[in-house]
Structures are given as C-alpha cells and as structure tokens.
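Contents: one structure, followed by commentary.
Residue numbers (this note's numbering), protein chains in the order written: chain P, 1 to 114; chain Y, 115 to 227.
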C-alpha cells in the first residue's frame, strides 16, 4: 500500500538552531501534504496545508516565518522549524494524498529542544 | 469551526470485555470520519474510514458507526486484548474533502491482562 516516509523519527537540538523534517511519499504523487503537531496529552492539530508548487496555507496561530514549509516536488515536503525553542518541542507528523486517495501518514518526528 | 470530542478520555477494562468509544463532532457537514490508533511515541495507524454516505465499517474485531445528522460516531471493540491498549483517535474531514483532519484528544485505553 501507499507509504509515507518521515525523517528523522527523533531529533534533539539546542535552542536557537533550526531543524528540518522531511516527508516523502514513496509510491504515489502527493499533490497535497498536511503537517500536524501534537503536544503531550493534546490532540493532533493541523499546522498547515501545502500543495505542490504553491505556498503553504497556515492555520491560525501558526507562525509561517517560524515553520517553513516547502513542497517543491510531488513526492517531498519539508518542514523547517527555525530558531527552535523549548516550547517547540512536540511530535510533528505529516500526511499526504494524491487526488483520488485517502490520507497516508508518516510515522512522526519527536522534536526535543534543549 | 469543527470541534471533535472524545469520551471517555481514559478507559481501563479487563481483557475479554467488549467496549465502546465515543466521538462527537459539532459540524455535521463532514466528508469522512476516521478512527486511528496511536501507540506511545509512535505515529498513527488508520483503523477504519467511514465516508459521509456510510453508516458503519467493520474490520475484524472493530466496528465503527456513523450518525452524521447527530454528529456522532462510535468505535466498538469486541473481545478486547492487552494488545489493544493504545490511544484511539477520532478525526473528521469537513466540507468537500480538501481540508486536513480535525482530531479529537483521544481515548487512552488500557486492557488489563
């Protein structure tokens, strides 16, 4: 079945550095990718929607200059957390779909900012 | 704005029991509803997907129902096993289907051996 690969699965970084998370669709063309984050004991919250070749649409309250999303190809989207701070520590997960498919999820990235 | 609520937040039952997890959503104009399983520190496993035109879906010991008009869904787990212990998430896609999922906070389920 369709697979979405998310990398890295875990990352620890120092405050002030930037971290890039990759989301790849392995056997289908992901025209749309979604990025979610989940704080401890909270529900998954949609951060942004990205369509290949266009700018991402961010949900209210999500800083677009802090969470840079690039969806330059039909199989790859990246989320860069810029100047990360401890409050950005969270579980980030991507999902992807093509025009006629259901959503497929990556396995998530656990980000810890020290 | 769509809101999804899951009850109970946590549930602990002995092995072998049948159980029901509840999900409600505020806007009945949904495209579909999904139930997921999330193990600690792990990603999501999709369990069942119900399209807005459907009333239920079954997979093995799992059965999910959808009452769109009342904004409710239930996940029924038959003959529970310790391996069923996980957090179960309910999520909906609203409108025409182009939007992302709106998730509930989940039900943390523990099946006691």
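Even glycine gets a Cβ: it sits at the ideal position worked out from N, Cα and C.
Residues that residue i bridges to, as DSSP identifies them
i                      : result
residue 170 of chain Y : Y:179
residue 128 of chain Y : Y:226
residue 49 of chain P  : P:34, P:57
residue 135 of chain Y : Y:189
residue 83 of chain P  : DSSP lists no partner for residue 83 of chain P.
residue 63 of chain P  : Answer is none; residue 63 of chain P lacks a bridge partner.
residue 39 of chain P  : Residue 39 of chain P pairs with nothing; no bridge assigned.
residue 104 of chain P : P:96
residue 20 of chain P  : P:80
residue 216 of chain Y : Y:206
For residue j and residue i, the rounded distance between their alpha carbons
i                      : j                      : result
residue 208 of chain Y : residue 182 of chain Y : 12 Å
residue 205 of chain Y : residue 223 of chain Y : 17 Å
residue 124 of chain Y : residue 36 of chain P  : 23 Å
residue 203 of chain Y : residue 53 of chain P  : 31 Å
residue 45 of chain P  : residue 149 of chain Y : 16 Å
residue 230 of chain Y : residue 27 of chain P  : This structure does not reach residue 230 of chain Y, given that chain Y is present from 115 up to 227, and the question cannot be answered.
residue 131 of chain Y : residue 192 of chain Y : 7 Å
residue 199 of chain Y : residue 171 of chain Y : 21 Å
residue 56 of chain P  : residue 110 of chain P : 22 Å
residue 49 of chain P  : residue 79 of chain P  : 11 Å
residue 75 of chain P  : residue 165 of chain Y : 26 Å
residue 31 of chain P  : residue 106 of chain P : 15 Å
residue 160 of chain P : residue 17 of chain P  : Lying before the first or after the last residue shown, residue 160 of chain P is absent from chain P, which here runs from 1 to 114.
residue 196 of chain Y : residue 65 of chain P  : 44 Å
residue 104 of chain P : residue 227 of chain Y : 32 Å
residue 29 of chain P  : residue 212 of chain Y : 16 Å
residue 168 of chain Y : residue 122 of chain Y : 24 Å
residue 7 of chain P   : residue 63 of chain P  : 22 Å
residue 214 of chain Y : residue 116 of chain Y : 11 Å
residue 221 of chain Y : residue 201 of chain Y : 5 Å
residue 88 of chain P  : residue 71 of chain P  : 22 Å
residue 77 of chain P  : residue 128 of chain Y : 43 Å
Closer than 7 Å to chain Y by CB, residue i
i                     : result
residue 34 of chain P : yes
Expected contact under 8 Å - CB spacing of residue i and residue j to nearest Å
i                      : j                      : result
residue 23 of chain P  : residue 4 of chain P   : 6 Å
residue 15 of chain P  : residue 84 of chain P  : 7 Å
residue 187 of chain Y : residue 194 of chain Y : Incorrect: roughly 19 Å between the Cβ atoms, too far for contact.
residue 43 of chain P  : residue 185 of chain Y : That pair is no contact at about 17 Å.
residue 95 of chain P  : residue 34 of chain P  : 5 Å
residue 147 of chain Y : residue 189 of chain Y : Incorrect: roughly 10 Å between the Cβ atoms, too far for contact.
residue 157 of chain Y : residue 21 of chain P  : At roughly 13 Å, the Cβ-Cβ gap does not stay under 8 Å, so residue 157 of chain Y and residue 21 of chain P are not in contact.
Chain P contact for residue i (CB, 7 Å cutoff)
i                      : result
residue 219 of chain Y : yes
residue 174 of chain Y : no
residue 185 of chain Y : no
residue 210 of chain Y : no
residue 197 of chain Y : no
*Of the residues that make up the stretch 14-32 of chain P, which ones have a beta carbon closer than 8 Å to any beta carbon in chain Y?*
32
*Within 9 Å of chain Y by C-beta, residues of the stretch 75-105 of chain P in sequence order*: 91, 93, 95, 102, 103, 104, 105
*If contact means a Cβ-Cβ distance below 7 Å, which residues of the stretch 43-77 of chain P contact chain Y?*
43, 44, 46, 49
*Just by C-beta distance, which residues in the stretch 158-172 of chain Y are closer than 8 Å to chain P?*
158, 160, 163
_Against chain P: residues of the stretch 120-138 of chain Y by CB proximity under 8 Å_ = none
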